[in-house]
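Asker:
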Amino acid sequence: MTTLFSRADVRTDAPGRYAKQLVSHLGRKVPFTEDTDGAWTTVVGDARGRIVVGDDVLTLRVEAPDVETLNRIEHALGSHLERFGARSGLTVTWRRDHS
32 MTTLFSRADV RTDAPGRYAK QLVSHLGRKV PFTEDTDGAW TTVVGDARGR
82 IVVGDDVLTL RVEAPDVETL NRIEHALGSH LERFGARSGL TVTWRRDHS
């Protein structure tokens with residue numbers, strides 16, 4: 032089975048705040064677990080989304096078995112983050128790994 036990957040690195044001075052807001056909001060519909068490295072992970076069917084807090088960057092990562100699922104998870108994570116960060120001008124640009 033092929034797994035597709037994508038990633039978005041979003042520059043912000045408040046990555047922890049946005050991660051907490053994203054996990055709190057989306058966590059009403061899907062469960063998130065906090066990893067030992069402080070990242071948050073959700074598993075939806077065969078797909079996985081991760082929210083990773085870095086220094087002045089919030090990284091979103093998605094793994095999915097097909098393009099439709101990848102698009103759906105990217106949209107869920109990305110559109111909510113852009114809405115939460117609209118005043119700060121946050122934009123999410125996904126990069127796909129086709130290897």
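Read in our numbering, the sequence shown has 124 at position 93, and its numbers run on one by one without any break. C-beta atoms are modelled at their ideal positions from N, C-alpha and C, and glycine is treated no differently. Small disclaimer: the values here were computed from a predicted structure and weren't measured.
According to DSSP, which residues form a beta bridge with Ile104?
Answerer: Position 73 of the sequence shown, counting from 1, holds the residue named residue 104. Looking at the DSSP assignment, Ile104 forms no beta bridge with any residue, so it has no partner.
Asker: Write down the C-beta distance between Ala50 and Leu89 rounded to the nearest angstrom, noting that I regard them as a contact closer than 8 Å.
Answerer: Stepping through the sequence shown from its first residue, residue 50 is reached at position 19. Stepping through the sequence shown from its first residue, residue 89 is reached at position 58. Going by Cβ atoms, the distance from Ala50 to Leu89 rounds to 6 Å, so yes, they are a contact pair.
Asker: Between which two residues does the alpha helix (DSSP H) containing Ser119 stretch?
Answerer: Position 88 of the sequence shown holds residue 119. It is not in any alpha helix (DSSP H) - Ser119 carries neither H nor E in the DSSP assignment.
Asker: By how many angstroms is the C-alpha of Arg59 removed from the C-alpha of Ala107?
Answerer: By one-based count along the sequence shown, residue 107 stands at place 76. By one-based count along the sequence shown, residue 59 stands at place 28. Cα to Cα, the separation comes out at about 13 Å.
Asker: Less than 8 Å separating the beta-carbons of Asp87 and Arg42?
Answerer: What you label residue 87 is simply residue 56 of the sequence shown in a count that begins at 1. What you label residue 42 is simply residue 11 of the sequence shown in a count that begins at 1. Closer than 8 Å, so yes.
Asker: Within this structure, are the beta carbons of Ala45 and Leu91 separated by less than 8 Å?
Answerer: The residue labelled residue 45 in the question sits at position 14 within the sequence shown. The residue labelled residue 91 in the question sits at position 60 within the sequence shown. No, these two residues do not count as a Cβ contact at 8 Å.
Asker: With respect to the alpha helix (DSSP H) encompassing Arg48, which residues constitute its N-terminal and C-terminal limits?
Answerer: Sequence index remark: in the sequence shown, residue 48 carries index 17 (1-based). Counting along the chain, the alpha helix (DSSP H) containing Arg48 begins and ends at Pro46 to Leu57.
Asker: Between the C-alpha atoms of Arg103 and Arg48, what's the straight-line distance to the nearest angstrom?
Answerer: Here the question's residue 103 lines up with position 72 in the sequence shown. Here the question's residue 48 lines up with position 17 in the sequence shown. When the Cα atoms are used, Arg103 and Arg48 turn out to be separated by approximately 24 Å.
Asker: Within 10 Å of its beta-carbon, does Ser119 have 16 or more other beta-carbons around it, so buried, or fewer, so exposed?
Answerer: Your numbering for residue 119 matches position 88 in the sequence shown. Its Cβ having fewer than 16 others within 10 Å, Ser119 is exposed.
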